[in-house]
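In order, the protein sequences belong to chains A and B.
Under this note's numbering, the first residue of the first sequence is numbered 437, with each subsequent residue one higher.
Under this note's numbering, the first residue of the second sequence is numbered 162, with each subsequent residue one higher.
Worksheet: the structure to be examined is printed underneath.
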Amino acid sequence: MTSSKTPFRGFVDRVKAHQAVAVATVLEGPDGVGSKILFDRSGPLQGSLGSRDLDALAEARAKDLLASGRSEIVELAGHRVFIEVHLPPPRLVIVGAVHIATVLGRFARELGFRVVVSDARGRFATPERFPEVDELILGWPNEVLPRLGLDEFSYVVVITHDAKLDNPSLLAALRSPAPYIGALGSSRTHARRVNALKEAGATEKEIARIHAPIGLEIGARAPNEIALAIMAQIVAVRNGAEGGVA
Amino acid sequence: MHDILPTLEAWKAAGEDVALATVVRTVGSSPRGVGSKMAVTATEKMVGSVSGGCVEAAVSEAALEVLRTREPRLLTFGVADEDAWAVGLSCGGTIEVFVEPLDW
């Protein structure tokens with residue numbers, strides 16, 4: 437146990453810092469209703485539910501829930517305890533600071549994503565065009581993408597309209613566990629891209645991870661419609677849904 | 162959580178007394194998932210939501226009471242519950258909401 441912070445303050449600080457955290461709160465029980473204890477993956481941080489035994493029971497469950505990302509009520513020694521788990525927010529990585537990216541970034545932020553936009557072209561990747569993104573990175577994809585630490589919370593959209601930039605971006609994304617990799621372009625463009633990626637060493641299985649043509653089929657034509665189609669597809673993938681009509 | 166944080170921080174800076182309501186369980190269809198939050202100040206300002214708007218009024222009443230008594234409360238709203246109909250839970254399903262005075 438460290439510091440004099442309350443567990444809720446510690447929870448908020450970790451949520452803000454994009455760190456995984458769990459807070460347990462006694463909802464019902466013979467005593468301690470409302471008391472809290474905070475955990476991260478390594479153990480307790482602040483607070484107590486009132487007894488060491490109860491704290492230890494909560495710790496075991498909190499660690500399980502941190503692994504699964506779920507929040508739920510558990511029964512612990514006659515107490516009903518809510519364990520709330522907070523994992524880092526999903527991150528949308530957009531390669532290609534094109535017009536679609538400006539709209540896509542806004543949609544993504546509205547849906548709770550952190551947004552990173554990258555482009556090698558300084559005329560495109562300007563703060564004026566992207567005032568709201570969390571990170572704007574000027575650089576070549578083969579240098580920028582490995583540096584981003586793409587993980588299971590990263591969703592990658594490649595929309596530079598330039599194979600010289602798109603293909604290295606896709607190769608880097610395919611080497612990561614990112615749950616979504618999408619690439620803009622027609623079926624014909626994608627067929628050419630598939631050949632280039634194969635020549636660069638990507639396997640069929642890896643290439644099959646790429647969503648292309650990108651986006652759900654909503655008849656999108658205008659850039660904002662295309663951004664909506666892409667974002668809808670990302671949400672569907674994140675929710676494990678097909679993305680068809682309900 | 163993220164949706165209400167800036168407001169919570171502003172309220173804290175302003176010295177507001179705040180109650181926090183959190184969805185701790187949902188059964189059946191429910192528009193806001195477990196962990197969804199709303200906060201209410203003693204001066205009756207509100208931020209966030211715990212349903213599609215069905216139970217916010219009842220939760221804010223409970224929040225004001227929690228701020229008076231300093232005792233947390235666990236509220237249950239469900240379509241099978243006559244009280245829930247009375248407060249207008251038309252979105253279906255059942256939700257449990259924990260309301261507590263914020264200590265931070």
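C-beta atoms are modelled at their ideal positions from N, C-alpha and C, and glycine is treated no differently.
A quick note: this is a predicted structure, and the numbers were derived from the prediction, not measured.
Check, Outcome
"Which same chain residues end up closer than 7 angstroms to L719 (chain A) when comparing Cβ atoms and leaving out the 5 residues on each side of it in sequence?", "Residue 719 (chain A) lies beyond the stretch modelled for chain A, which goes from 437 to 682, so this question has no answer here."
"9 angstroms is my cut-off, CB to CB: does H522 (chain A) come that close to chain B?", "yes"
"Quick one: which chain B residues come within Cβ less than 7 angstroms of L419 (chain A)?", "The structure shown does not extend to residue 419 (chain A), since chain A is modelled only from 437 through 682, so no value can be given for it."
"With a floor of 4 residues, list each alpha helix (DSSP H) that falls wholly inside the segment 526-552 of chain A, ordered by position along the chain.", "535-546"
"Tell me which residue opens and which closes the beta strand (DSSP E) that V451 (chain A) is part of.", "Unbroken run through V451 (chain A) is the alpha helix (DSSP H), 443-452; no beta strand (DSSP E)."
"Determine the contact status of V630 (chain A) and I650 (chain A), defining contact as a CB-CB distance below 9 angstroms.", "no"
"Out of curiosity, what's the CA-to-CA distance linking A218 (chain B) and S484 (chain A)?", "32 angstroms"
"Could you tell me which chain B residues have their CB closer than 9 angstroms to the CB of V448 (chain A), listed as they occur along the chain?", "M162, L166, L169, E170, W265"
"Tell me the residue span of the beta strand (DSSP E) that contains M162 (chain B).", "No beta strand (DSSP E) contains M162 (chain B), which DSSP labels as neither H nor E."
"Quick check on R477 (chain A): buried or exposed, where buried means 16 or more other Cβ atoms within 10 Å of its Cβ?", "exposed"
"In angstroms, rounded to a whole number, what distance separates the CA positions of V462 (chain A) and F518 (chain A)?", "6 angstroms"
"So, for V195 (chain B): in the same chain, excluding its five sequence neighbours on each side, which residues have a beta-carbon less than 8 angstroms away from its beta-carbon?", "V184, V185, R186, T187"
"Report the rounded CA-to-CA distance for I617 (chain A) versus R488 (chain A), giving the unit in angstroms.", "46 angstroms"
"Can you check DSSP and say which residues form a bridge with L572 (chain A)?", "A:V553"
"Would you mind listing the beta strand (DSSP E) stretches within the segment 468-501 of chain A that are 3+ residues and don't spill past its ends, in chain order?", "472-476, 479-483"
"Which residues bound the beta strand (DSSP E) around P262 (chain B)?", "255-262"
"Name the residue from A:E678, A:P577, A:G541, A:S507 whose alpha carbon lies nearest to the alpha carbon of L606 (chain A).", "A:P577"
"In terms of alpha-carbon separation, which member of B:A180, B:V211, B:W265 lies closest to A224 (chain B)?", "B:A180"
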